[in-house]
Amino acid sequence: MELLQPLDDEQLNRVYSPILSPLAWDLGHIANFEELWLVQTIGGREPLHGELGHFYDAIENPRKTRGELPILRDAELRSYLADVRERTLEVLEEVDLGADAADPLLKEGFVYEMLLAHELQHNETMLQLLQLVDGYEPVGVNLGPTAQLQGAESEMVAIEAGAHEIGAPARGFAYDNERPRHSVELAAFEIDRTPVSNGTYIQFMEETGAEPPLYWERDGGGWALTERGGRDPVDPAHPVLHVSCHEADTFARWAGKRLPTEQEWEAARPRLQHVGQAWEWTSSDFIPYPGFEAFPYREYSEVFFGDAYKVLRGGSWATHHSVMRPSFRNWDLPQRRQIFAGIRCARDA
Ligand code: AVJ
Ligand code: FE
Numbered sequence: 059m060e061l062l063q064p065l066d067d068e069q070l071n072r073v074y075s076p077i078l079s080p081l082a083w084d085l086g087h088i089a090n091f092e093e094l095w096l097v098q099t100i101g102g103r104e105p106l107h108g109e110l111g112h113f114y115d116a117i118e119n120p121r122k123t124r125g126e127l128p129i130l131r132d133a134e135l136r137s138y139l140a141d142v143r144e145r146t147l148e149v150l151e152e153v154d155l156g157a158d159a160a161d162p163l164l165k166e167g168f169v170y171e172m173l174l175a176h177e178l179q180h181n182e183t184m185l186q187l188l189q190l191v192d193g194y195e196p197v198g199v200n201l202g203p204t205a206q207l208q209g210a211e212s213e214m215v216a217i218e219a220g221a222h223e224i225g226a227p228a229r230g231f232a233y234d235n236e237r238p239r240h241s242v243e244l245a246a247f248e249i250d251r252t253p254v255s256n257g258t259y260i261q262f263m264e265e266t267g268a269e270p271p272l273y274w275e276r277d278g279g280g281w282a283l284t285e286r287g288g289r290d291p292v293d294p295a296h297p298v299l300h301v302s303c304h305e306a307d308t309f310a311r312w313a314g315k316r317l318p319t320e321q322e323w324e325a326a327r328p329r330l331q332h333v334g335q336a337w338e339w340t341s342s343d344f345i346p347y348p349g350f351e352a353f354p355y356r357e358y359s360e361v362f363f364g365d366a367y368k369v370l371r372g373g374s375w376a377t378h379h380s381v382m383r384p385s386f387r388n389w390d391l392p393q394r395r396q397i398f399a400g401i402r403c404a405r406d407a
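In terms of this note's numbering, the sequence shown opens at residue 59 and continues consecutively.
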């Protein structure tokens, strides 16, 4: 709510991009998802707005249609959020979240953790959209990466061949696609200790004629960042952001390397620096782990499995730390540049 405070109702409802939702849709969707799981499913209550929930179903309503839906606006939207939260807290008083709870949704608070994670993930989606809002100035929040990478970039970490445990342990919150934990044989490989910097990406652009990342514009002899209607010089020491998976792959080849697989990334995770500044594209398709079981609903992961989406690992400056667990699998269309995604390269040893 702090992030959205500077915006008016028109800005909240405007379609800025056909592949991003209006902010008001994300907000209503966050509340509706909470109502569906924590108030209706767990609490057994009737929905506050009857059939309205259908308009907030992400599968039924593709992003490009979300600007035309008769969704809640302005004061009505804000009171829906508040009313759902009030009911959620009421229901919370009634439930047993212990390790012995019979309902797997309640056991160790699974469904509450899921709802928190969902809301935090949508916060990042809203930050992707806020990049498109001219003149947007956040209140009390620092936006953008802070890492200074220069100098450390040529270092690679060597990982020996062998078996690595991949995925989330059986206990503790994780999404279904992170389980079951399983062993994977990896050949020896090397992986960059740090993500790729803007400075190195500029070198790549100059040598190959590659397009600049999203939101970059020529500025005299250099480059400026134009997100949120701004015009700030590109900091060569910051990690490069807003590149597609295809661009990341082309960069890696230019550097004589390749993108890591998601298994390599996870195995190397304890040795890597600056995880959490930029999502990192991997070469892996979003497919299920052996023995995958959908839980608690097929539409979180299962319907997206296949070769249409590539996995990203790590997290960005816009990602909440609780979403950045080592086993977390983000996925998106390989052509999408709106994600706060950058590059870390690998190569066979
Ligand atoms: C994992 C970012 C691809 O936004 O579509 C949000 C996360 N799933 N609500 C998405 C998600 C359900 C998902 N991504
Ligand atoms: Fe969602």
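We put the beta carbon where it would ideally sit given N, CA and C, even for glycine.
Exercise for review: For S79, I'd like the list of residues in its chain whose CB is within less than 7 Å of its CB, leaving aside the five on either flank, ordered along the chain.
Suggested key: R121 and R124
Exercise for review: Report all residues from its chain with a CB closer than 7 Å to the CB of T258; omit the five preceding and five following residues, and keep chain order.
Suggested key: E211
Exercise for review: Keeping to the same chain, check which residues put their C-beta closer than 6 Å to that of Q396; ignore five residues upstream and five downstream.
Suggested key: These residues qualify, in order along the chain: Q186.
Check your understanding: Are P294 and N235 close, meaning C-beta to C-beta below 8 Å?
Key -> no
Exercise for review: Check whether the region 146-158 touches the region 66-81, taking contact to mean three or more Cβ pairs, one atom from each stretch, closer than 8 Å.
Suggested key: no
**Study point:** Whether T183 touches D115 by CB criterion (8 Å)
**Key:** no
Practice item. Report the residue ranges of all alpha helix (DSSP H) runs contained in full by the region 240-306; include only those spanning at least 4 residues, in chain order. Key: 256-266
Exercise for review: Taking only heavy atoms of ligand 2 into account, decide whether any of them is closer than 7 Å to the Cβ of A82.
Suggested key: A distance criterion of 7 Å places the beta-carbon of A82 beyond contact range of ligand 2, judged by its closest non-hydrogen atom.
Check your understanding: Between H87 and ligand 2, is the CB less than 7 Å from at least one heavy atom?
Key -> yes
Practice item. Could you name the residues of the same chain whose beta carbon sits closer than 6 Å to that of G287, not counting the 5 residues immediately before and after it, in chain order? Key: If the five residues before and after G287 are omitted, its C-beta is found closer than 6 Å to the C-beta atoms of D192 and G193, all from its own chain and listed in chain order.
Practice item. Only counting runs of 4 or more residues, tell me where the alpha helix (DSSP H) segments fall wholly within the region 315-358, in order along the chain. Key: Listed in chain order, the complete alpha helix (DSSP H) runs (minimum 4 residues) inside the region 315-358 are 320-326.
Review point. Beta strand (DSSP E) containing M59: first to last residue?
Key: Segment: none, M59 is in no beta strand (DSSP E) and carries neither H nor E.
Practice item. State the beta-bridge partners of N388 as determined by DSSP. Key: L370
Exercise for review: For F91, verify whether its CB is less than 7 Å away from any heavy atom of ligand 2.
Suggested key: yes
Practice item. Determine the direct distance from the alpha carbon of G101 to that of V149, and round the result to whole angstroms. Key: 5 Å
Review point. Using a C-beta cutoff of 8 Å, does C303 count as contacting chain B?
Key: The chain inventory of the structure shown lacks chain B, comprising one protein chain alone.
Practice item. Pull up the distance between the alpha-carbon of V298 and that of E265, whole angstroms please. Key: 17 Å
**Study point:** Segment limits, alpha helix (DSSP H) that includes D132
**Key:** D132 to L150
Practice item. Just the C-alpha distance for E357 and G278, rounded to the nearest angstrom, thanks. Key: 47 Å
Practice item. Let me know the secondary structure DSSP gives V381 once reduced to three states. Key: helix
Check your understanding: So who's on the other strand from V215, going by DSSP bridges?
Key -> I249
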